[in-house]
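Everything on this sheet refers to the single structure shown next.
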Amino acid sequence: LKHYINGFPEESDLMIVTAPDTMELKVKPGSSTILVKNLFLSCDPYMGTFMREPDSGSSEVAVETLSLLDAFIPGKPIAGVGVSEVIDSDDPCFAKGDFVWGIVDWEEYSTVNSFGRFKIDISINVPLSYYTGILSVTGLTAYAGFFEICSPKKGEAVFVSAAAGAVGQLVGQFAKLMGCYVVGSAGSKQKVDLLLNKFGFDDAFNYKEEPDLDATLKRCLPQGIDIYFENVGGKMLDSVLMNMKVHGRIAVCGMISQYHTETQEGIKNLPVVVYKRIKMQGFLAFDFIDRFPKYLEFVLPYIKERKLVYVEDIVEGLENGPAALVGLFRGQNIGKQVLKIA
Ligand code: NDP
Numbered sequence: 012l013k014h015y016i017n018g019f020p021e022e023s024d025l026m027i028v029t030a031p032d033t034m035e036l037k038v039k040p041g042s043s044t045i046l047v048k049n050l051f052l053s054c055d056p057y058m059g060t061f062m063r064e065p066d067s068g069s070s071e072v073a074v075e076t077l078s079l080l081d082a083f084i085p086g087k088p089i090a091g092v093g094v095s096e097v098i099d100s101d102d103p104c105f106a107k108g109d110f111v112w113g114i115v116d117w118e119e120y121s122t123v124n125s126f127g128r129f130k131i132d133i134s135i136n137v138p139l140s141y142y143t144g145i146l147s148v149t150g151l152t153a154y155a156g157f158f159e160i161c162s163p164k165k166g167e168a169v170f171v172s173a174a175a176g177a178v179g180q181l182v183g184q185f186a187k188l189m190g191c192y193v194v195g196s197a198g199s200k201q202k203v204d205l206l207l208n209k210f211g212f213d214d215a216f217n218y219k220e221e222p223d224l225d226a227t228l229k230r231c232l233p234q235g236i237d238i239y240f241e242n243v244g245g246k247m248l249d250s251v252l253m254n255m256k257v258h259g260r261i262a263v264c265g266m267i268s269q270y271h272t273e274t275q276e277g278i279k280n281l282p283v284v285v286y287k288r289i290k291m292q293g294f295l296a297f298d299f300i301d302r303f304p305k306y307l308e309f310v311l312p313y314i315k316e317r318k319l320v321y322v323e324d325i326v327e328g329l330e331n332g333p334a335a336l337v338g339l340f341r342g343q344n345i346g347k348q349v350l351k352i353a
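Residue 12 is where the sequence shown starts when you use full-length UniProt numbering, and the numbers rise one by one after that.
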């Protein structure tokens with residue numbers, strides 16, 4: 012991180028630093044640490060809020076709540092979920108050649124401790140990059156948010172925003188597997204085509220081309236919405252509220268449209284939460300970390316049997332990391348944004 016941001020993250024807020032080539036690729040005996048070579052890094056919207064000064068409002072809340080992670084510090088590497096190969100280890104649970112995922116700094120090599128590091132079973136024949144997304148936090152977010160917060164029932168009407176993104180594509184497909192009627196919104200024609208033709212959504216629209224979101228939702232979901240999986244906030248949430256059914260559920264996963272703008276209009280329609288007895292609950296994937304084994308048991312058969320499609324947008328090279336990360340806030344990614352660095 013070059014400096015704290017005050018507004019939308021830009022590529023120029025990040026910098027690449029080449030350290031002198033003196034790093035010994037070994038861990039200190041007795042340190043209980045492991046040295047890893049980082050292979051894939053996950054780009055996530057919360058990382059933008061971590062680029063703000065910790066006492067500047069929203070990021071403070073985010074950083075406090077995600078207590079597993081430290082706020083980013085100017086002059087230091089940013090960090091996030093990454094997939095790595097163990098190069099050297101002073102921890103008996105990890106051996107040279109193992110593959111792991113967990114939080115790592117955005118750098119080529121990291122010395123890390125084993126807390127919060129998950130060993131990857133490479134006999135499960137899936138791309139290693141999946142452990143930045145569908146087989147890690149992204150997947151758990153979609154699973155816990157949809158099944159635990161929304162309590163879906165067969166035949167219910169589900170609406171997902173940012174539906175062609177990392178979390179959204181999975182929520183939509185989980186809802187289809189449950190036998191729900193699923194509609195998604197996304198920010199381009201290409202993404203809408205993907206929702207309809209690849210992820211199996213029943214209907215989809217480009218929210219940027221719909222001047223009256225309320226009317227669009229009424230057209231796509233004339234009987235109303237039982238479940239809204241909220242990824243964007245702002246105007247979309249306001250319109251969704253007017254289209255929720257009585258006793259509907261809203262899983263508040265994220266509100267990306269509100270992370271970096273101070274001028275967002277207030278949500279006018281919040282009182283309908285009362286009249287319609289809507290259950291609206293925020294959550295963090297980390298709250299459900301104990302469900303992770305259950306989630307893997309659920310999702311792996313669907314991946315193996317190709318009953319679940321997973322689209323990744325893989326950019327190569329650490330030098331392209333800043334563009335990949337800030338691209339999330341411009342909707343440049345199609346599917347899960349991943350950075351491949353080795
Ligand atoms: P995505 O892969 O969905 O990427 C972000 C997408 O958001 C963009 O591609 C863009 O798609 C959309 N977007 C960006 N700006 C706006 C805007 N102003 N209005 C509407 N849409 C916008 O990211 P993730 O799937 O990783 O994250 C989705 C949401 O889930 C985020 O809000 C994130 O913070 C949250 N999240 C929450 C977690 C939790 O534990 N609660 C964990 C992980 C993610 P488009 O082209 O459609 O506009």
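Beta carbons are placed, not taken as given, at the ideal position from N, Cα and C, and that holds for glycine.
From the DSSP output, in three-state form, read off residue i for me.
| i | result |
| --- | --- |
| ARG260 | strand |
| TYR15 | coil |
| TYR321 | coil |
| MET58 | helix |
| PRO333 | helix |
| GLY176 | strand |
| LYS246 | helix |
| MET253 | helix |
| SER70 | Residue placement at SER70 is poorly supported in this model, since its pLDDT is 49, which falls under 50; the coordinates still yield a value, given next. Three-state DSSP puts SER70 in a helix. |
| ILE236 | strand |
| ASN124 | strand |
| GLY195 | strand |
| ASN208 | helix |
| ASP32 | coil |
| ASP214 | strand |
| LEU25 | coil |
| LYS87 | coil |
| VAL182 | helix |
| ASP301 | helix |
| PHE340 | helix |
| PHE309 | helix |
| ALA82 | coil |
Could you compute how far the alpha carbon of residue i sits from the alpha carbon of residue j?
| i | j | result |
| --- | --- | --- |
| GLU71 | ALA82 | Caution is warranted here: a pLDDT of 47 is assigned to GLU71, below 50, making its placement in the model unreliable, and the coordinate value is therefore given only provisionally. One C-alpha to the other measures close to 9 Å. |
| ALA90 | ASN124 | 14 Å |
| ILE45 | PRO31 | 21 Å |
| MET62 | LYS347 | 20 Å |
| ASP303 | ALA296 | In the sequence on display, residue 303 carries Phe and not Asp. Straight-line Cα distance between these residues: approximately 10 Å. |
| GLY338 | SER95 | 24 Å |
| VAL251 | ASP225 | 7 Å |
| GLY150 | ASN280 | 30 Å |
| CYS54 | ASN242 | 16 Å |
| GLY244 | LYS164 | 24 Å |
| GLU159 | GLN292 | 11 Å |
| PRO233 | PRO138 | 40 Å |
| GLU64 | ILE16 | 7 Å |
| PHE105 | GLY156 | 31 Å |
| VAL38 | ILE325 | 30 Å |
| GLU327 | GLU22 | 16 Å |
| LYS87 | GLU118 | 10 Å |
| MET253 | TYR57 | 28 Å |
| VAL257 | LEU248 | 16 Å |
| ASP99 | SER42 | 12 Å |
| THR152 | GLY127 | 17 Å |
| ARG230 | PHE170 | 13 Å |
| PHE294 | THR60 | 17 Å |
| MET189 | PRO40 | 51 Å |
| HIS14 | PRO20 | 11 Å |
| SER147 | MET255 | 31 Å |
| residue 354 | VAL283 | The question about residue 354 has no answer, for the chain in this structure spans 12 to 353. |
Under 8 Å by Cβ, that's how I've got residue i and residue j pegged, so tell me the actual separation to the nearest angstrom.
| i | j | result |
| --- | --- | --- |
| VAL111 | VAL178 | Wrong, their Cβ atoms sit about 23 Å apart, outside the cutoff. |
| GLY108 | VAL97 | 6 Å |
| PHE185 | TYR142 | Between TYR142 and PHE185 the Cβ distance is about 19 Å, and since that is not below 8 Å, they are no contact. |
| LEU206 | GLY235 | That belief does not hold up - the Cβ atoms of LEU206 and GLY235 are roughly 20 Å apart, past 8 Å. |
| LYS287 | GLY259 | 6 Å |
| CYS129 | GLY144 | Checking the sequence, you will find Phe at residue 129 rather than Cys. Incorrect: roughly 14 Å between the Cβ atoms, too far for contact. |
| ILE345 | VAL320 | That pair is no contact at about 13 Å. |
| MET34 | TYR120 | 6 Å |
State the beta-bridge partners of residue i as determined by DSSP.
| i | result |
| --- | --- |
| GLN292 | ALA262 |
| ILE114 | VAL92 |
| residue 377 | Outside the shown range of the chain, which is 12 to 353, sits residue 377, and nothing can be said about it. |
| ASP99 | LEU46 |
| THR152 | DSSP, once it has assigned bridges, lists no residue as partnering THR152. |
| LYS130 | VAL111 |
| VAL169 | VAL193, ILE238 |
| PHE51 | VAL94, LYS351 |
| ARG63 | ILE16 |
Within 7 Å: the Cβ of residue i and any heavy atom of ligand 3?
| i | result |
| --- | --- |
| GLN292 | With respect to ligand 3, the structure shown offers nothing to examine, as its ligands consist of ligand 1. |
So does the stretch 214-222 actually touch the stretch 194-206, counting three or more Cβ pairs closer than 8 Å? yes
Taking three-plus beta-carbon pairs below 8 Å as touching, is the stretch 304-317 in contact with the stretch 161-176? no
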